[in-house]
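Residue numbering for the sequence shown follows our numbering, starting at 2 and increasing by one per position. See below for the structure under consideration.
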Amino acid sequence: MDYLKNLNNVQRNAVESINGPSMVIAGAGSGKTRVLTYKIAHLIKQGINPFNILSLTFTNKAAREMKERITEIIGGPQAQNLWMGTFHSIFAKLLRIEADKLGYSSSYTIYSNDDTKLILGYIIKEKNLDKDLYKPKIIQHRISQLKNNLICSKDYLENENLQQYDHLAQRPEFGNIFKTYENRCFKSGAMDFDDLLINTHLLLNSHPEILKKYQHLFQYILIDEYQDTNHTQYAIIQALASLRENICVVGDDAQSIYAFRGADVKNILNFNKDYSDATIFKLEQNYRSSKTIVNAANSLIKNNINQIHKDIWTENQNGEKIQVLKALTDNEEGLMIANSIQKKITNNQLKGNQFAILYRMNYQSRSIEEALRKKGIKYKIYGGLSFYQRKEVKDLLAYLRLTINHNDEEAFRRIINYPTKGIGTTSIERLIVTGNKNDLSIWEVCEQINKLETGIKSGAKKKIEDFIIKIKSFASLINEMDAHDLTFHIAKESKIMQELHKDGTPEGVSRHDNLQELLNSIKEYSEKFISENNKPANISNFLEDVALLTSLDEKDEKTNNHVSLMTVHLAKGLEFPHVYIIGMEEHVFPALQMSNTKEKLEEERRLFYVALTRAMETATLSLAESRYQWGKMLMAEPSRFINEIDNKYLEFKFKPKKIHSNRFSEKIIQIGNPPQKKTIPKGFKKIKSSNNTIKTKNTLLFLKINDKVSHEKFGIGCVTFIEGINANTKATILFKNYGKKKLLLKFAKLQVLK
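As structure tokens, then:
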């Protein structure tokens, strides 16, 4: 049991608590991954079969690293038998086993977000809908939002309240798009990321024998980053754990920052209500950061009301105070940061990879990039176009996908005429129309092309038949060739490699090199797969692995000498000796759209808490007095979050002004149900309410997204977007009879309806 000596007392108690429900509240840098890893190793040491342990993470990278560490602790190959991985990868595996219960083939395709947007784009075009009102990205987000709350198209079409939201947004056909999209995915034998969860829930909910099977299989359930789970994940976990209640969740409510993608912090806040006999362990010792950074973060996060109380502390050195820098403009801010980094690198013999620059929005990187380039400081931006999103890579992967699943519509449409085969757009459109008319996939139409009335000329029919034969020839080799050899064969026989080799431009050479890199990655994957599973990997294994990659899985390690630039969301789970958090201004951080409700503002504060606790030795905050936003130079003021950090942990490089951090929460309270005897902040007017409306003039600064308003000319409408600040604040409003209007609030004469 020597491995337990590496744990502090609380960590050890959490690890040794095996039976019954438990929750490990793990403060930033407190060693939560170590606890989770050691707990699984301890379960196996206690004689629990690894096949009976389910461990859910949020990145494949985390799962791989944990398996490696568990193997070191317990020895032997037992860790490979764990059901360990992301929610999506584990449930994808479960669904492949049980796919027939839902009418799917076990070789179903997993659609990425890009695939979903393309399919939605096809549907919107087929229905002749306004592409400005029905933007695929917006439709995709809305569908995902509904699915994360276990709402399918049938539920949506039976719920008038849900439909009213889209009617107000001038998208009355949303329900039909949603239904068509679901049908199209099913017909294509495909599931998107949300389907992997909602179909798992459907499977367990509608097949009691399947639920019972997995309740008995998963005798011990462990979940990392529990604060990031959404409603569907929560419901699946509840169902699986209900038989034995041997469930351990690990997380930190103070680091819940993904509400925009469905995460619900109430899942972790209410855990002890779901399991009244749960044992709670609090990991409060921080091993990462200096005392100054830990205490500063504590003083910040205490401003949140909805949280689990904890006292984070550290035995590390005090460290330097947090510097607060101010520039005149965002460009000057960039130069200021670049100078600071260059000075630290030179004076302290540091490397670039010891630095990270974090920002709230991607657009903020521009001025920083320019400044770093001028100083000759190497940098790398994370969160841009990933390797697997490049066109040439997606083209070859589409050939692999269609080889595995002939009904994959998105893959079919992508490669039917690439490289060019002389199959024109008109022929492809006729295949689609025929498929929709006969409720067939495009592949099924092609297989029956001489029997169905398609209107396609004989020359094009012959080319389509040749394409079908070629794909079938690839499919016949799936069980004869491993993933690498078959991919190389397909790349050669499809003439993709030849097509790119002919293009002698630098871009063409780069694309050709990317395909070579793809083949290299498949070779590496195949070698690793056979060593772990004692059998060759086929392309189905590889495609699933790629489809389930997360942005963190694709990120390079800090092995070079580059300064890291990324959004705060992407930085979660990482740490750097020196961290710069830029754009510390109102309407930037906190973001404008996150300042209009208490819940959103608390999440934004948690996001800043995450940013601050990435720092190990030094943290620097910067702001600008003016910044370009929405194409205009706007005046800015310091973020309220700076004011919320205890002053004794800050070193201002300018004379600070007092920031009224409660100003926005006051405005929110005024618009809703104002409490009695509330002091109105200086410079703001009290809003007088009438029976039906709250009349506003200058107080329209209180307006927020989704408010209903009344206009003298346009009538009743719903606020969909707010931009600008102070006298330049504008609202985009969808009026029932006049459509979308953008109004300058100081002249709008609006009334906010209760």
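By construction, the Cβ of each residue, glycine as well, lies at the ideal position given by its N, Cα and C atoms.
Reduced DSSP secondary structure (H/G/I, E/B, other) of residue i
i, result
"Phe413", "helix"
"Asp3", "helix"
"Ile238", "helix"
"Val710", "strand"
"Phe771", "Outside the shown range of the chain, which is 2 to 755, sits residue 771, and nothing can be said about it."
"Gln47", "coil"
"Lys136", "coil"
"Ile302", "helix"
"Phe175", "helix"
"Leu55", "strand"
"Ile646", "coil"
"Ile323", "strand"
"Thr614", "coil"
"Thr34", "helix"
"Lys698", "Below a pLDDT of 50, predicted positions are generally treated as unreliable, and Lys698, at 39, falls in that range; the measurement from the model is reported next regardless. Coil, per DSSP."
"Gly76", "coil"
"Ala749", "helix"
"Leu121", "helix"
"Asp265", "coil"
Distance CB(residue i)-CB(residue j) smaller than 7 Å
i, j, result
"Lys381", "His217", "no"
"Gln141", "Lys118", "yes"
"Phe512", "Glu393", "The amino acid occupying residue 512 in the given sequence is Arg; Phe does not appear at that position. Closer than 7 Å, so yes."
"Val589", "Arg615", "no"
"Ala27", "Leu223", "no"
"Lys322", "Thr347", "no"
"Tyr112", "Asp195", "no"
"Leu516", "Phe489", "no"
"Arg70", "Thr110", "no"
"Asn406", "Ser108", "yes"
"Lys102", "His208", "yes"
"Ala339", "Ala625", "no"
"Thr34", "Thr58", "no"
"Pro420", "Lys496", "yes"
"Gln355", "Pro78", "no"
"Leu147", "Pro137", "no"
"Lys183", "Leu130", "Looking at the sequence shown, residue 183 is not Lys but Glu. Not closer than 7 Å, so no."
"Ala279", "Asn271", "no"
"Ala191", "Leu613", "no"
"Ile269", "Tyr215", "no"
Continuous alpha helix (DSSP H) stretch holding residue i: start and end
i, result
"Ala461", "459–476"
"Trp314", "From DSSP, Trp314 is part of no alpha helix (DSSP H); its letter is neither H nor E."
"Leu487", "484–494"
"Tyr166", "161–169"
"Asn439", "426–439"
"Tyr157", "154–158"
"Gln216", "209–218"
"Pro420", "Neither: Pro420 is in no alpha helix (DSSP H) and is coded neither H nor E."
"Met498", "497–503"
"Ala372", "366–376"
"Phe530", "507–534"
"Leu549", "Careful: Leu549 lies outside any alpha helix (DSSP H) and carries neither H nor E."
In DSSP terms, what residue i is bridged to
i, result
"Ala328", "Ala625"
"Lys592", "Reading off the sequence, residue 592 comes out as Ala, not Lys. According to DSSP, Ala592 bridges with His588, Val589."
"Ile1", "Nothing about residue 1 can be read from this structure; the chain reaches only from 2 to 755."
"Val580", "Ala357, Ala620"
"Lys742", "Ile734"
"Met192", "Ile111"
"Ala27", "Leu284"
"Glu724", "Lys731"
"Met636", "Ser627"
"Thr87", "Thr58"
Opening and closing residue of the beta strand (DSSP E) in which residue i lies
i, result
"Tyr221", "221–224"
"Glu652", "651–653"
"Val251", "248–252"
"Phe715", "No beta strand (DSSP E) contains Phe715, which DSSP labels as neither H nor E."
"Gln752", "752–754"
At least three beta-carbon pairs within less than 8 Å, the stretch 263–276 to the stretch 2–11: These segments do not touch.
Any chance the stretch 483–499 sits against the stretch 512–529, with 3 or more Cβ pairs inside 8 Å? Three or more pairs of CB atoms, one per stretch, sit closer than 8 Å, so the stretch 483–499 contacts the stretch 512–529.
Three or more beta-carbon pairs under 8 Å between the stretch 32–46 and the stretch 308–319, yes or no? As far as the Cβ criterion goes, the stretch 32–46 does not touch the stretch 308–319, which means the pair count is below three.
Looking at C-beta atoms only, is the number of pairs between the stretch 233–250 and the stretch 161–168 that lie closer than 8 Å three or more? Note that the stretch 233–250 does not touch the stretch 161–168; fewer than 3 beta-carbon pairs, one per stretch, sit closer than 8 Å.
Segment contact, 8 Å Cβ cut-off, at least three pairs: the stretch 148–160 with the stretch 232–240: Cβ pair count under 8 Å is three or more, so yes.
Quick check: the stretch 366–379 against the stretch 453–469, are at least 3 beta-carbon pairs closer than 8 Å? Contact between the stretch 453–469 and the stretch 366–379 is absent, with fewer than three C-beta pairs closer than 8 Å.
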